[in-house]
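Peer 1: Questions regarding the structure given below will be posed in turn.
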Amino acid sequence: MIKIIPAILATTEEEYKDKLLELEKENCLKFDWVQIDFMDNKFVQNQSITPEIIAKYPTQFQIEAQLMVEYPENWVDELVKIPVRRIVFPVEDTSGLRERISHIKNHGIKVGLSINPETDLETVEPYVGEIDIILVMSVNPGFGGQQFQPQAIEKVKEIKQKNWPITIEVDGGINKDVLESLEKAGADSVVIGSHLPEILHGH
Ligand code: DX5
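Residue numbering for the sequence shown follows numbering that gives the first Met the number 0, beginning at 0 and increasing consecutively.
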């Protein structure tokens, strides 16, 4: 059974608080995990809430932090304090990926690399033995509510064929139909934002 991870993309503290409460009210704790998007208005053209804000609202969710930021290393120490359970940052971030991966793992936190729609799988290959998860982006990062890009399904199939020892997660524009296609393709988990009500209530 594919794992559903609700997403929180919030640009203000108020929005974060409301979205977190909404997920808890909607009994989404049954999914155990939540993915929180962090953006610096540099790597993506959007600015999110900071780790300090998240730390103000303790939750039972296990938190996966998706860093869409130019310098992920500057965010790790704050995220550790919350604590988050997993940190995913972009493979397109070329400065010192290996150091970043070990810096995160040295804090006892799981680590993953996200890969944008236009980025080839080959970029991730050198790091597969060191990461726990690959986050296949099926939209260009930075905003919720975008259209799913179907080439992500092919990417999942390609990863499956490589038998990499990592979890395959997909994020972006995923609705009920897409979820079924991704499950068939072999994805282990999906991050769902705007289509969560449809997935929860069928409408
Ligand atoms: C993109 C974000 C979104 C979000 C999911 O940077 O990562 O993909 O998590 O939002 P929806 O499901 O609305 O695309």
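Heads up, the beta-carbon is just placed ideally off N, CA and C, and yes, glycines get one too.
#1: How about PHE142: is its Cβ closer than 8 angstroms to a heavy atom in the ligand DX5?
#2: Leaving out five residues before and five after VAL190 in sequence, what residues of the same chain have Cβ atoms less than 6 angstroms from its Cβ?
#3: Counting only beta-carbon separations shorter than 9 angstroms, does THR58 have a partner in chain D?
#4: What does DSSP give as the partner residue(s) for ARG85 in the beta ladder?
#5: Determine the contact status of ASP187 and ILE1, defining contact as a CB-CB distance below 9 angstroms.
#6: Compute the Euclidean distance between the alpha carbons of LEU96 and GLY192, then round it to the nearest angstrom.
#7: Going by DSSP in three states, GLU117 sits in which element: helix, strand or coil?
#8: From the DSSP secondary-structure annotation, give me the bridge partner or partners of THR166.
#9: Using DSSP with H/G/I as helix, E/B as strand and the rest coil, what is LYS159?
#10: Residues bridged to GLN34 by DSSP?
#11: If GLY111 and LEU134 are in contact, beta carbons under 8 angstroms, what's the gap, nearest whole angstrom?
Peer 2: In short, the structure shows the following:
#1: yes
#2: ILE4, ALA6, GLN34 and ASP170
#3: Going by chain labels, chain D is absent from the structure shown, which holds only one protein chain.
#4: GLU63 and LYS109
#5: yes
#6: 28 angstroms
#7: coil
#8: ILE132
#9: helix
#10: ALA6 and GLU63
#11: 5 angstroms
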